[in-house]
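Residue numbers (full-length UniProt numbering): 1 to 218. All residues carry an ideal CB built from backbone N, CA and C; glycine is no exception.
(1) In the DSSP assignment, find the unbroken beta strand (DSSP E) run with residue 167 in it and report its ends.
(2) By the 10 Å Cβ neighbour count, where 16 or more other Cβ atoms means buried, how is residue 128 classified, buried or exposed?
(3) Could you tell me whether the region 52-65 touches the region 144-151, where touching means 3 or more Cβ pairs closer than 8 angstroms?
(4) Going by beta carbon distance, what residues of the same chain come within less than 6 angstroms of residue 1, once the five residues before and after it are set aside?
(5) Give me the Cα-Cα distance between residue 188 and residue 137, rounded to the nearest whole angstrom.
(6) In angstroms, rounded to a whole number, what distance separates the CA positions of residue 192 and residue 167?
(7) In whole angstroms, what is the alpha-carbon distance linking residue 85 and residue 7?
(8) When we look at the beta-carbon of residue 123 and count the other beta-carbons within 10 Å, is it buried (16 or more) or exposed?
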């Protein structure tokens, strides 16, 4: 393999779909499905078969208080059998709902909070080798509590949510020490720390273009 220098302008992901010969749903799940597709790489005669999770996409929220402490929620995650520190998040599973509206809804439902200022912090594909999930992390500031009578009744895993604010530097240390492993939380914490160090110049508008948002969103 030959290595070349990569320019700053080249540091961007780009669409490059390959022709699909066959596509079928092999598992119709409660929250998402598993699809099997047969496709071909350029110049290769033998087709490839891959199975992956279809996904409507998701939003996550880094919420900072007036001291720039980060809101973290602690909840049980059954696939790994752990209670994990995370940031508020949710699926883009409401038909036609803009990503920002979904983030505002999730912040209220999971943390009983609303925010005055919203920005796009960072985007990521959660596990592109096995899932179509695209996730946008918003930065929310200017927090205030939802009135008691208007709060969402949490159920299931969300009924056991515990929330609190942590010093951002302490959260960074927890990520680097392997004590916080949720991908959205880890990336959101590190991105917020870096953005703050750069005077928030890296923030994008809350409605910034999101080419990676999956077709199944909504």
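So, to answer that:
(1) Here residue 167 corresponds to residue number 167 of the chain shown, with the count starting at 1. First-last for residue 167: undefined, no H or E at that position.
(2) Within the chain shown, the letter at position 128 stands for residue 128. With fewer than 16 other Cβ atoms within 10 Å, it is exposed.
(3) Contact between the region 52-65 and the region 144-151 is absent, because fewer than three Cβ pairs lie under 8 angstroms.
(4) One-based indexing of the chain shown puts residue 1 at position 1. Result list for residue 1: empty, nothing under 6 angstroms.
(5) By 1-based counting over the chain shown, the position of residue 188 is 188. By 1-based counting over the chain shown, the position of residue 137 is 137. If I take the Cα positions, the gap works out to 7 angstroms.
(6) Within the chain shown, the letter at position 192 stands for residue 192. Within the chain shown, the letter at position 167 stands for residue 167. The alpha-carbon of residue 192 is positioned some 12 angstroms away from that of residue 167.
(7) The residue given as residue 85 occupies position 85 in the chain shown. The residue given as residue 7 occupies position 7 in the chain shown. Taking the straight line joining both Cα atoms gives about 36 angstroms.
(8) Reading the chain shown from its first residue, position 123 is the one you call residue 123. Within 10 angstroms of the beta-carbon of residue 123 lie 16 or more other beta-carbons, which makes it buried.
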